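For reference, the structure discussed in these notes is given below.
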Amino acid sequence: MLTTRVVGAGSAEDPALREDLLRTWVEVSEAGGSVGFVPPVDPAAVAVALDAALQRVRAGADALVVLEEQDGGGRRAVGMAVLASGGSAITAHWRTVGRLMVAPHLQGRGVGRRLLEAVHDAARDLGLEQLSLAVRDGQGLQPFYERAGYVVVGRHPGALRVGPGDDRDEVRLVRRL
82 MLTTRVVGAG SAEDPALRED LLRTWVEVSE AGGSVGFVPP VDPAAVAVAL DAALQRVRAG
142 ADALVVLEEQ DGGGRRAVGM AVLASGGSAI TAHWRTVGRL MVAPHLQGRG VGRRLLEAVH
202 DAARDLGLEQ LSLAVRDGQG LQPFYERAGY VVVGRHPGAL RVGPGDDRDE VRLVRRL
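Residue numbering for the sequence shown follows my numbering, beginning at 82 and increasing consecutively.
See below:
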């Protein structure tokens with residue numbers, strides 16, 4: 082059974098949650114997921130990025146939505162997304178969705194869409210009016226977000242260097258809630 086929840090500041094300190102999220106982030110990256118790293122992935126580098134994200138959640142700057150898989154042995158995090166704040170009063174009505182990921186064994190089953198809907202619900206609960214996100218061109222992610230109501234508002238040609246001679250555009254999308 083899959084469930085989603087918003088992780089509060091205190092829960093962001095849970096070592097088991099950190100371990101699950103680190104494992105998921107490494108698995109997604111190794112499978113070619115567009116979440117900030119390219120294979121082969123250095124788990125220590127992913128841990129640094131994860132710890133920074135969790136610190137921002139603990140500080141109350143960002144929100145974390147977690148997808149959990151429950152079975153007879155308990156529950157474990159198998160997906161996540163961050164609602165990152167711009168940290169300014171004039172941008173307090175929107176946030177950036179980052180690091181939205183679902184473990185590879187769950188992909189292709191509508192689970193990513195379910196996680197994204199939970200992100201939208203969390204954003205509404207925070208009183209937000211719109212969300213922004215960026216995708217790496219060439220990964221097939223843009224149609225997924227467009228089906229969820231996001232609209233392309235910009236493109237940064239060659240912004241992402243995923244390997245020697247492999248520069249990708251970063252595509253910025255926005256959705257009103």
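Here a beta-carbon is modelled for each residue, glycine too, at the ideal position from N, C-alpha and C. Just so we're clear, the structure is a prediction, and the values are computed from it rather than from any experiment.
Asked	Found
Kindly identify the DSSP beta-bridge partner or partners of VAL163.	LEU145, GLY179
Does the region 101-116 come within contact of the region 155-166, defined as at least 3 CB pairs closer than 8 Å?	yes
Which residue or residues does DSSP assign as beta-bridge partners of GLU150?	LEU83, ARG157
Quick one: any contact between the region 121-131 and the region 85-92, if contact means 3 or more CB pairs under 8 Å?	no
Are the C-beta atoms of THR172 and some chain D residue less than 9 Å apart?	The chain inventory of the structure shown lacks chain D, comprising one protein chain alone.
Taking the continuous beta strand (DSSP E) assigned at ARG257, which residues delimit it?	247-257
Give me the Cα-Cα distance between ARG205 and ILE171, rounded to the nearest whole angstrom.	18 Å
Tell me, please, whether the region 194-211 touches the region 139-151 by the rule of three or more beta-carbon pairs shorter than 8 Å.	yes
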